[in-house]
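Peer 1:
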Amino acid sequence: MKVLLHTCCGPCASACVPRLKAAGRGVVMFYSNSNIDTREEFERRLAAAKKLAAAEGVEIIVDEYDHGRWLAEVASGFEDEPEKGRRCERCFRFNLARAAAARERLGADAFATSLTVSPHKPSPVVFAASDDPHFLKEDFKKKDGFKISVRRAAELGLYRQDYCGCEFSKRKRGENAGT
Ligand code: SF4
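Residue numbers (this note's numbering): 5 to 183.
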């Protein structure tokens with residue numbers, strides 16, 4: 005079974021790729037993050053994701069970066085929402101829809117997301133953000149997923165951001181370390 009892994013960042017994906025491989029699944033990483041506030045930060049996180057892909061010997065596909073579209077379709081009217089609020093639910097929906105479309109285009113059997121690794125992202129909320137039948141609802145938080153991601157990212161020297169991604173999450177910078 006080939007799984008397209010929506011990859012929010014290298015550190016989170018570092019817990020997911022080995023777990024999927026250990027379950028006998030082929031993995032292709034899909035870096036899709038128009039939620040990130042600047043191109044510079046998008047590229048910094050992409051470099052870490054590519055480093056992980058190389059270490060794991062898996063392919064990585066990079067989605068186009070269009071933060072303007074994300075602002076218009078996701079954040080507009082929801083700028084003041086707290087993290088874990090409605091803006092985040094909309095953000096999950098946006099990114100998972102991109103992953104669902106990519107899965108279909110690429111002919112993968114399923115897609116999953118590294119978003120479920122973060123303790124700041126409740127897995128049931130992430131799972132509710134897509135009703136695509138090909139969505140593999142793997143809860144990577146389980147079995148110490150976050151701890152494993154911290155350890156593996158340190159081993160590989162991966163850049164770890166200290167805010168979730170959008171400019172609105174920067175207001176809480178420091179509280180969101182490791183997201
Ligand atoms: S805080 Fe994170 S999950 Fe929430 S809208 Fe911003 S980038 Fe998306």
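The beta-carbon is built from N, C-alpha and C at its ideal position, and this holds for glycine as well.
Going along the chain, which residues of its own chain have a beta-carbon closer than 6 Å to the beta-carbon of Cys-119, five neighbours each way excluded?
Peer 2: Checking the displayed sequence, the identity of residue 119 turns out to be Leu instead of Cys. The residues are Cys-12, Lys-125, Val-130.
Peer 1: DSSP puts Ile-64 in a beta bridge; with which residues?
Peer 2: Looking at the DSSP assignment, Ile-64 forms a beta bridge with Met-33.
Peer 1: May I ask you to report which of helix, strand or coil DSSP gives Phe-115?
Peer 2: Here Phe-115 sits in strand by DSSP.
Peer 1: Can we count Cys-16 as close to the ligand NAD, meaning its CB is less than 7 Å from some heavy atom?
Peer 2: This structure lacks the ligand NAD; the ligands present are the ligand SF4.
Peer 1: Please classify Met-33: is it buried, with 16 or more other beta-carbons within 10 angstroms of its beta-carbon, or exposed?
Peer 2: It counts as buried.
Peer 1: Alpha carbon to alpha carbon, how far is Leu-100 from Glu-68?
Peer 2: C-alpha separation (whole angstroms): 14 Å.
Peer 1: In this structure, how does DSSP classify Phe-139 when only helix, strand and coil are distinguished?
Peer 2: Three-state result, Phe-139: strand.
Peer 1: Which residues are close to the ligand SF4, meaning CB closer than 5 Å to any heavy atom, in chain order?
Peer 2: Qualifying residues come out as Asn-39, Glu-87, Arg-91, Cys-92, Cys-95, Cys-168, Gly-169, Cys-170, Ser-173.
Peer 1: Candidates Ser-80, Cys-168, Phe-115, Ser-18: which alpha carbon is nearest Lys-151's?
Peer 2: Ranking the options by Cα distance to Lys-151, first place goes to Ser-18.
Peer 1: Can you find the residues in the same chain that come closer than 7 Å, C-beta to C-beta, to Phe-115, ignoring five residues on each side of it along the sequence?
Peer 2: Correct list, in chain order: Val-7, Leu-8, His-10, Ala-103, Ala-104, Arg-107, His-138, Phe-139, Leu-140.
Peer 1: Helix or strand or just coil, what does DSSP make of Lys-145?
Peer 2: Coil, per DSSP.
Peer 1: Check each candidate in Lys-55, Val-62, Lys-25 and name the one with the smallest Cα separation from Leu-160.
Peer 2: Taking only the C-alpha atoms, the option nearest Leu-160 is Lys-55.
Peer 1: Identify the residues that DSSP records as bridge partners of Val-7: which are they?
Peer 2: Partner(s): Val-31, Ala-114.
Peer 1: Find the nearest neighbour of Arg-187 within the set Arg-175, Gly-169, Gly-111, Lys-174, judged by alpha-carbon distance.
Peer 2: With the chain running from 5 to 183 in the structure shown, residue 187 is simply not present.
Peer 1: If you compare alpha carbons, which of Glu-63, Ser-173, Ser-153, Glu-83 is closest to Ala-112?
Peer 2: Nearest C-alpha to Ala-112: Glu-63.
Peer 1: Figure out for me which residue from Phe-46, Glu-142, Glu-83 has the closest Cα to the Cα of Ser-36.
Peer 2: Among Phe-46, Glu-142, Glu-83, the Cα nearest to that of Ser-36 is on Phe-46.
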